[in-house]
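First comes the structure, then the notes that go with it.
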Amino acid sequence: MEMLRAAAGKPGRPVRKKGRRPRKMKTRYDGRPDRSYRDPGQFSDLVQREIKRNGWGRNFAAGSLRSAWPEIVGENIGRHTRVVMYNEKKRQLHVESDSTAWATNLRLMQSTILSTIAKRIGPDVVAELKIYGPKAPSWRHGPLHVKGRGPRDTYG
């Protein structure tokens with residue numbers, strides 16, 4: 005016991021536990037815990053704030069458009085078409101299809117697709133759809149070739 009008193013530094017007094025006392029949590033007037041400015045917020049809130057602050061809204065909208073394409077046009081059409089490119093300056097979405105028949109169907113549905121994109125992604129993200137059929141294979145091999153009549157429409 006003497007050693008403990010000597011270690012405490014004050015003779016005659018018992019050694020107390022030294023340590024941090026737990027602080028009471030601050031509460032609001034209604035009893036709920038107070039969210040201090042130092043408490044971490046949701047990560048999604050931080051990301052959304054940075055997107056707005058840096059003006060990246062259209063870029064992220066175009067990325068979400070590419071990933072949500074099958075839901076926008078439907079699963080069946082989504083299997084036969086794919087988003088190739090998004091031109092931000094002209095607000096054009098370039099879509100390629102498996103066959104010319106699917107490309108023709110997509111051209112007929114263009115206004116419906118644009119209105120669906122405006123509802124789901126945003127009103128001023130896409131202004132125009134550029135729809136392409138499949139690319140024909142190149143039969144040109146080597147530096148010399150003879151000009152022919154072209155591949156026709158046998159690949160779509």
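Residue numbering for the sequence shown follows my numbering, beginning at 5 and increasing consecutively.
Note that the Cβ used here is the ideal one computed from N, Cα and C, for glycine as well.
As the structure is a prediction and not an experimental result, all values here were calculated from the model.
| Query | Result |
| --- | --- |
| Proximity of Ile107 and Tyr136 at Cβ, strictly below 8 Å | Note that residue 107 corresponds to Ala in the displayed sequence, not to Ile. Cβ atoms of Ala107 and Tyr136: closer than 8 Å. |
| Residues bridged to Gln52 [DSSP beta-bridge criterion] | Partner(s): none; Gln52 has no beta bridge. |
| CB-CB length for Ala66 against Glu92, believed under 8 Å | 7 Å |
| Three-state secondary structure assigned by DSSP to Val130 | coil |
| Short Cβ contact (8 Å threshold) for Ser71 with His84 | no |
| CB contact flag (Pro73, Gly61, <8 Å) | This sequence places Trp at residue 73; Pro is not what is there. No, the Cβ-Cβ distance between Trp73 and Gly61 is not below 8 Å. |
| Secondary structure of Ser103, DSSP reduced to three states | coil |
| Nearest-angstrom Cα separation, counted from Gly59 out to Leu97 | 20 Å |
| DSSP state of Arg70 mapped onto helix, strand, coil | helix |
| Segment limits, alpha helix (DSSP H) that includes Arg124 | Gln114 to Arg124 |
| The beta strand (DSSP E) enclosing Arg153, as first and last residue numbers | Where Arg153 is concerned, there is no enclosing beta strand (DSSP E), given that its DSSP letter is neither H nor E. |
| Residue span of the alpha helix (DSSP H) that contains Thr83, given as start and end | The sequence given here places Arg at residue 83; Thr does not occur at that position. Looking at the DSSP string, the run of the alpha helix (DSSP H) that includes Arg83 is Glu79 to His84. |
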